[in-house]
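Here's the structure, in structure tokens; my notes come after.
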Amino acid sequence: MTESELENLTIAESSERIKSGELSPVELTDLFLQRIARLNPSVNAYTTVLADSARAEAKIAEQEIRSGNYRSVLHGIPISIKDNLATIGVPTTGGSKILADWKPDFDATVVVKLKAAGVITLGKTNMHEWALGGTTINPFFGTTRNPWDLERVPGGSSGGSAAAVAAAMCLASIGTDSAGSVRNPAAMCGIVGLKPTYGRVSCFGGVPGTGAYSTNHFGVLTRTVKDCALVLQEIAGYDPKDPLSAAEPTDVYSAKIGREIGYLKAGLIGSYYDKLMFGKVEQIFAAALRQLELLGIKTEQLSIPHMDLAPAVHTVVSRAELVSDHDHYLRTRARDYSPELLYRHIHALMFPAGSYVTAQRVRRLLAEEFERAFERVDVIVTPVSIPAPKIEECGRGVTDVDGEKVSLRDARGSTWGLSTVPFNVTGHPAISVCCGFTGAGQPVGLQIVGRPFEESTVLQVAARYEEAAGWYRRKPQLSGIG
Amino acid sequence: MKTWLQKLDREYGFQLTEAEMDIILNEVTAAEPLFEQLNAVDVRSKTPFVRLDVKGPKK
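Those protein sequence lines, which keep their order, are chains A and B. Anchor point for the first sequence: position 124 equals 161 in the working numbering, and the numbering is continuous, going up by one each time. Anchor point for the second sequence: position 16 equals 65 in the working numbering, and the numbering is continuous, going up by one each time.
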């Protein structure tokens, strides 16, 4: 195998070859480390590369597999971890200056599960400061670049994870999603990003202050939907260490992949999402819907009367919860935050307490409206609307989407978060899968949302769409770098 | 609002400049519609949503 062959490699394919002994985890890990050494100086996807421990883990995996102790489909699979998941003895910065030197003495539950499954951890990935933003322009660890265009951001906050997967610098990455931080960078980097149902995956070991209690989720970024299902299988489930994790039984997440979807019905929320599509995104989304209809899916417009309030609910709830986590550092190290984030936290200190409760009550209203909507449809499909802006555009706050000027921020937060935050508010499982490219060659995401704990259906629809549309076959050109 | 912000500044020891206070107070003003929108909703029969409830068997 050569380094360039990594670009088309999936977990599903490599795990079969590893299991049969045809592919060596040691060789595979060395190739990924070689590619990281070549690309990371330009892409800056990783803040920490764990070359020595990855090679040691690969040797152990190889020995175990040769001796008949094959642990799981992830045995010997090289992955990366966002830098806000605790990893024992390894820097876990949360993208912050404050935690720049922190090396936890424990692993996040997800990391424990992945280690038990036999993964090889290549390193920790860059992220937006404290996961509280969507660009991964990080003042302390540098800007992560989008593999499709190095002058553009990869999205965020899991921007390093998305860039690493898109640039074939790992086979999967674990991210976190409190407002779209898995789905937005996945969309902007043309890969698959899944935010499971609230509580489906333990958040124990997440860096406090990098995700609000009510809206945070750990998620999976991969190159294909099937790979996403394979990783979810290993990390899902109740965790007594996380009081917010769900006791609902897990599913066999790849079981419905490849099945027909013609018996399913998809809901659209045009009253909300039509306002969020710019440039060619509207055409791209319409083409994706036609593709789903060709696969037999029926569509229906849904009414969610309070949908427009979802971003306000999210802003009030998440910022109030987050500032509680940051209180100690605001009192002791306030000037170690970027000014933008410091001002945001100080503003949150001034939120009226009653508004937090009101927002949680409006959240109940929204959840009930979605519950009624899901009596009529099996999934909801939406665009993940804003393609990756140029780095310089983020400073100006305006991006250009196929000639249309789009503001990147308003009082509700980032414009790109508007597509994704409704499902952080409600907790429904949601995936982004590539559904086309803008005139500037930037990927666009299709968001597929399911009923609570029905990740299998979300993955089923996403996989059928992915295979029929074929966008996943397109790769960023990185051969001339490094 | 400025008095409140000055009190927070003293309590937390931020040492905010006048320019920084203006930035934060502008954010406060810009966010007012968010609170107004939420406060306009009739939530009298609604309890806060604190975790996801699953009702009925999966299809």
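Each residue gets a CB set at the ideal place from its N, CA and C atoms; glycine is no exception.
key: A:S469 burial status per 10 Å Cβ neighbour count (16 or more: buried)   = buried
key: Proximity to A:R398 [Cα-Cα], best of A:V353, A:H384, A:D439   = A:V353
task = Kindly indicate which three-state DSSP category A:N461 falls into: helix, strand or coil?
result = In this structure, A:N461 counts as helix in the three-state DSSP scheme.
query = Which stretch, first to last residue, makes up the alpha helix (DSSP H) that contains B:I73?
reply = 67-88
query = So A:A324 and A:G476 are in contact, right, with Cβ under 8 Å, and what is the actual spacing, rounded?
reply = Contact flag wrong, Cβ pair sits at about 14 Å.
key: Per-residue contacts from A:V394 into chain B (C-beta, under 8 Å)   = Those within 8 Å of A:V394 in chain B are P97.
ask   = Roughly how many whole angstroms lie between the Cα atoms of A:A209 and A:V202?
value = A:A209 and A:V202 have their alpha carbons spaced roughly 6 Å apart.
Inter-residue Cα distance where the pair is A:A154 and A:R108 = 6 Å
task = Note down the Cα distance separating A:L445 from A:V318, rounded to an integer number of angstroms.
result = 16 Å
query = What beta strand (DSSP E) runs, 3 residues minimum, are completely inside the stretch 154-226 of chain A?
reply = 157-162, 209-214
Neighbouring residues, chain A, relative to B:R100 (Cβ below 9 Å) = Y235, G236, S251, L281, A283, G464
Paired residues, beta bridge with A:L305 - DSSP = Per DSSP, A:Q338.
key: Opposing strand residues paired with A:Y83 [DSSP bridges]   = A:T162
ask   = Comparing the C-beta of B:Q55 with each C-beta of chain A, is any distance below 7 Å?
value = no
key: Meets three-Cβ-pair contact criterion under 8 Å: the stretch 43-56 of chain A and the stretch 260-267 of chain A   = The stretch 43-56 of chain A, when compared against the stretch 260-267 of chain A, does touch it at the 8 Å Cβ threshold.
task = Spell out whether any CB of chain B is found under 7 Å from the CB atom of A:V399.
result = Chain B has a Cβ within less than 7 Å of the Cβ of A:V399.
query = Is the beta carbon of A:P222 sitting closer than 7 Å to the one on A:P191?
reply = yes
Cβ pair A:T234, A:P459 closer than 7 Å = no
request  = Note down, in chain order, each residue of its chain lying with its Cβ closer than 7 Å to the Cβ of A:T287, except the 5 sequence neighbours on either side.
outcome  = A273, G274
query = Are there three or more Cβ pairs, one per stretch, closer than 8 Å when the stretch 358-375 of chain A is compared with the stretch 495-505 of chain A?
reply = The stretch 358-375 of chain A, when compared against the stretch 495-505 of chain A, does not touch it at the 8 Å Cβ threshold.
message = Rounded to the nearest angstrom, what separates A:D144 and A:K161 at their Cα positions?
response = 13 Å
message = Would you call the stretch 381-397 of chain A in contact with the stretch 66-86 of chain B, where contact means no fewer than 3 C-beta pairs closer than 8 Å?
response = yes
query = For A:V350, which residues of its own chain have a beta-carbon under 6 Å away from its beta-carbon, when the five flanking residues on both sides are left out?
reply = A396, V399, R400, V462
request  = Using a Cβ-Cβ cut-off of less than 7 Å, list which residues of the stretch 74-94 of chain B approach chain A; keep chain order.
outcome  = E76, V77, A79, A80, P82, L83, F84, Q86, L87, N88, V90, V92
request  = Using a Cβ cut-off of 8 Å, pull out every chain A residue sitting near B:E69, in sequence order please.
outcome  = P376, Y380
key: Cut-off 6 Å between Cβ atoms - residues of its own chain near A:D214, not counting five sequence neighbours on either side   = K232, H254, G256
query = Does the stretch 125-134 of chain A come close enough to the stretch 55-65 of chain A to have 3 or more Cβ pairs within less than 8 Å?
reply = No, the stretch 125-134 of chain A does not touch the stretch 55-65 of chain A.
message = Below 8 Å on C-beta distance, what does A:E384 contact in chain B?
response = Per the sequence shown, residue 384 of chain A should be read as His rather than Glu. Listed by position along chain B, the residues whose Cβ is nearer than 8 Å to that of A:H384 are I73, E76, V77, A80.
Test item: CB-CB of A:I97 and A:V86 under 7 Å = In this structure, A:I97 sits away from A:V86, with a CB-CB distance that is not shorter than 7 Å.
Where A:H343 meets chain B, residues with beta-carbon distance less than 8 Å = V90
task = Please state whether DSSP places A:A467 in a helix, a strand or coil.
result = strand
task = Assign A:P389 to one of two classes, buried (16 or more other C-beta atoms within 10 Å of its C-beta) or exposed (fewer than that).
result = exposed
request  = In the DSSP assignment, find the unbroken alpha helix (DSSP H) run with A:P348 in it and report its ends.
outcome  = 347-369
query = Cβ-heavy atom distance between A:V229 and the ligand MN below 6 Å?
reply = With respect to the ligand MN, the structure shown offers nothing to examine, as it has no ligands at all.
ask   = Can you give the beta carbon distance from A:E406 to A:P466, rounded, assuming they're within the 8 Å contact cut?
value = Rounded, the Cβ-Cβ distance is 17 Å, inconsistent with contact.
ask   = For the stretch 47-116 of chain A, which segments carrying the alpha helix (DSSP H) assignment without a break, of at least 4 residues, lie completely within its bounds, in sequence order?
value = 48-57, 62-80, 88-103
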